[in-house]
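Under my numbering, think of the first position of the first sequence as 107, with each following residue one higher.
All remarks here apply to the structure that follows.
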Amino acid sequence: MTADTQTKKTKQAGSHAKRTPKPPKLLRGFRDILPEDSIFWQHAKQTAFSTLLDYGYGEIDTPMLEQTSLFKRTIGEHTDIVSKEMFTFEDKGGDSVTMRPEFTASFARAYVEHGMFNRPQPVKLFSIGPAFRYDRPQAGRFRQFNQINFEIFGNDHPVADAEIIFLSYLICKQLGLDISIHVNSLGTPESREEYVGILKEYFKSKRRLLCEDCKKRLTKNTLRILDCKEEECNQLAQSAPQLVDHLDEESKQHFVAVLEHLDESEVPYELNPYIVRGLDYYNRTAFEIFAKIGEHTEDQSESKPIALGGGGRYDGLVELLGGRETPGVGVAIGIERIIDAIKKLGQKPTSQKKPQVFLAQLGEEATKHAFTLFETLRTAGIRTRANFAKSGLKEQLEHADKLGVLYAVILGQKELLDETVIIRDMENGIQEVVDLAKIAEELKKRLKKGI
RNA sequence: GCGGCUAUAGUUCAAUGGUAGAACACCGGUUUGUGGUACCGGACACGAGGGUUCAAUUCCCUCUAGCCGCCCCA
107 MTADTQTKKT KQAGSHAKRT PKPPKLLRGF RDILPEDSIF WQHAKQTAFS
157 TLLDYGYGEI DTPMLEQTSL FKRTIGEHTD IVSKEMFTFE DKGGDSVTMR
207 PEFTASFARA YVEHGMFNRP QPVKLFSIGP AFRYDRPQAG RFRQFNQINF
257 EIFGNDHPVA DAEIIFLSYL ICKQLGLDIS IHVNSLGTPE SREEYVGILK
307 EYFKSKRRLL CEDCKKRLTK NTLRILDCKE EECNQLAQSA PQLVDHLDEE
357 SKQHFVAVLE HLDESEVPYE LNPYIVRGLD YYNRTAFEIF AKIGEHTEDQ
407 SESKPIALGG GGRYDGLVEL LGGRETPGVG VAIGIERIID AIKKLGQKPT
457 SQKKPQVFLA QLGEEATKHA FTLFETLRTA GIRTRANFAK SGLKEQLEHA
507 DKLGVLYAVI LGQKELLDET VIIRDMENGI QEVVDLAKIA EELKKRLKKG
557 I
């Protein structure tokens, strides 16, 4: 068989066997977080984690999968989230289950299920993790997204609302973000309903002036008209009746008290009558957090504030799930959004500390001993790297160079016999032979000098 | 769910109606236990499926995915 026919043959065979199934790909709206990005995540999560612990919040980790009815009952059947954005499916037992689209419902469920009303009130909880929504992916929007979530159960005092808002601000500020919090009060469900009725009447009389979208909103989601960006609608919204003017007396007082608390803190907030949250369970305080991105950039999209998250009060939620009447207030902050904002500001988290030493080994015996030596260095607090899989000194030093390490430690056959080791200064190539037993000590001396 | 734009190596980008190049990165080599430079070599790509055509990566359609806007929200 000639070489030619052989290649032909393998080619044919190849094209037949080429039926290789397409390589699996990421699901739409899902993504991998690679090590380069992970530093941003660590930074955001750790900041939130330690701050929340400091403020007396306890971590709770609820399942990502829950009974579908939990979300239907709490978030509301007619909200966008429940009506079209949930990852819902039937499990093998025929039960309808749903990937959590948010955390609060699960918190409330856990509160009831574990009888947390028997604990000293208020119960303060937080959780950091993923939630899922079957939404169309976009900038800062994914089907799996991560939230920092914290809530206070069992305290209806305005100071609880203020604490949640303050902590939202604090965490963002610690992350170097320039924050503005938009605050509003939704009143009680009753007063809100009443207001929506009034608003409906108002817009109905001007129906023909509204944009197409708003005509639809008129019946379905009247409050949203206030938020419309169309010039005409915006004009109308300006002179529309205001929600704050139709609050019940208690809600009004509550709202004023929240604002008073915020005034005393350094939280930069502004009143925004158009903050309406998309979930049914909210009452009274509602707020959203925005990160301001520098105006210096010419690009419009670059300077648009990023919505980081939002929250509010949900006094009826626990009761709705069969628990005792328990007030609650909380917030959800999107980690992706935070990272987005940090990146747009051109900030980098103090990246994890650079490795200081590279351990190179030569020869079989030395390689075997390298693990032990590595562990000696590691436990001595020296940030060490190695590449045990490579045997050539050249390639190991190359690797060391790429890592930007200060010193290389070389352990070869010869050194092993003498119980010594070579320290190589990567900057100038000067090498010294030191006792194997003293290596950690010697390195520390040098590293200290370097600083 | 609706609209616009896009889809070429790991990455950033080229070119072309006759099956593709660069840069950086990656792997290996320039004699044996010494990196940062240089030189040499190597692997890797036209998102998927149809159609038009003698011929498609290039033109058309569908799908998928990404980006942006709407909606909504984290």
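Positions of the beta carbon are idealized from the N, C-alpha and C atoms, including for glycine.
Keep in mind it's a predicted model, so treat the numbers as computed, not measured.
Item: Note down, in chain order, each residue of its chain lying with its Cβ closer than 6 Å to the Cβ of ALA214, except the 5 sequence neighbours on either side.; Value: LEU423, VAL424, LEU427
Item: For LYS398 and SER274, I'd like the C-alpha separation in whole angstroms.; Value: 15 Å
Item: Just to confirm before moving on: does the CB-CB distance between PRO455 and PHE146 stay below 8 Å?; Value: yes
Item: Going straight from the alpha carbon of LEU542 to that of LEU479, what length do you get?; Value: 9 Å
Item: Which term fits THR185, buried or exposed, when burial requires 16 or more other beta carbons within 10 angstroms of its beta carbon?; Value: buried
Item: Starting from TYR308, trace the beta strand (DSSP E) both ways and give me its first and last residue.; Value: Where TYR308 is concerned, there is no enclosing beta strand (DSSP E), although the alpha helix (DSSP H) it sits in stretches over 295 to 311.
Item: Over what stretch of residues does the alpha helix (DSSP H) that includes PHE195 continue unbroken?; Value: Element bounds for PHE195: not the alpha helix (DSSP H) but the beta strand (DSSP E), 194 to 196.
Item: Within 10 angstroms of the Cβ of PHE477, are there 16 or more other Cβ atoms? Answer buried if so, exposed if not.; Value: exposed
Item: Using CA atoms only, rank isn't needed, just tell me which of ILE166, ILE181, ARG247 is closest to GLU442.; Value: ARG247
Item: What is the DSSP secondary structure of PRO141, reduced to helix, strand or coil?; Value: helix
Item: Note down, in chain order, each residue of its chain lying with its Cβ closer than 8 Å to the Cβ of TYR513, except the 5 sequence neighbours on either side.; Value: GLN462, VAL463, PHE464, ILE529, ARG530, ASP531, MET532, LEU549, ARG552, LEU553
Item: Kindly identify the DSSP beta-bridge partner or partners of VAL218.; Value: Paired residues: none, contrary to the question.
Item: Please name the residue, chosen from ALA343, ALA266, GLY199, that lies closest to ALA363 on a Cα-to-Cα basis.; Value: ALA266
Item: Alpha carbons only, please: which of PHE155, GLU296, LEU281 is nearest the one belonging to ILE445?; Value: LEU281
Item: To the nearest angstrom, report how far apart TYR63 and HIS367 are at their CA atoms.; Value: Because the chain in this structure spans residues 107 to 557, residue 63 falls outside the shown range and cannot be described.
Item: What does the Cβ neighbour count give for ASN252, buried or exposed, with the cut at 16 atoms within 10 Å?; Value: buried
Item: In or out: THR403 buried (at least 16 other Cβ within 10 Å) or exposed?; Value: Here the model assigns THR403 a pLDDT of 45, short of 50, so the residue's position is not dependable, and the following value carries that caveat. Answer is exposed; the Cβ neighbour count stays below 16.
Item: Quick one: Cα of GLY452 to Cα of LEU503, how far?; Value: 33 Å
Item: Rounded to whole angstroms, what is the Cα-Cα separation between GLU547 and THR490?; Value: 14 Å
Item: Taking its Cβ as the centre, do 16 or more other Cβ atoms sit within 10 Å of PHE393, making it buried, or is it exposed?; Value: buried
Item: At the level of alpha carbons, what is the spacing between LYS306 and ASN378?; Value: 20 Å
Item: Can you tell me whether THR108 is helix, strand or coil according to DSSP?; Value: Only weak support exists for where THR108 lies, its pLDDT of 33 falling under 50; the value from the coordinates is given anyway. Three-state result, THR108: coil.
Item: If I follow the unbroken alpha helix (DSSP H) through THR328, where does it start and stop?; Value: Note, THR328: premise wrong, no alpha helix (DSSP H); not H, not E.
Item: Residues in the same chain with beta-carbon distance under 6 Å from ILE545, minus the five sequence neighbours each way, listed in chain order, please.; Value: VAL527
Item: So what's LEU542 in DSSP terms, helix, strand or just coil?; Value: helix
Item: What alpha helix (DSSP H) runs, 4 residues minimum, are completely inside the segment 473 to 555?; Value: 499 to 509, 519 to 524
Item: Which of the three DSSP states is assigned to HIS184 in this structure?; Value: coil
Item: Note down, one range per segment and in chain order, each alpha helix (DSSP H) of at least 4 residues found wholly within the segment 417 to 448.; Value: 423 to 426
Item: Quick one: what's got a C-beta closer than 6 Å to ALA268's C-beta in the same chain, skipping five residues either side?; Value: VAL364, HIS367, LEU368
Item: Just how far apart, CA to CA, sit ARG298 and ARG390?; Value: 9 Å
Item: Near PHE193, what residues of its chain come up, given a Cβ to Cβ distance below 7 Å and the 5 sequence neighbours on each side ignored?; Value: THR204, MET205, PHE238, TYR240
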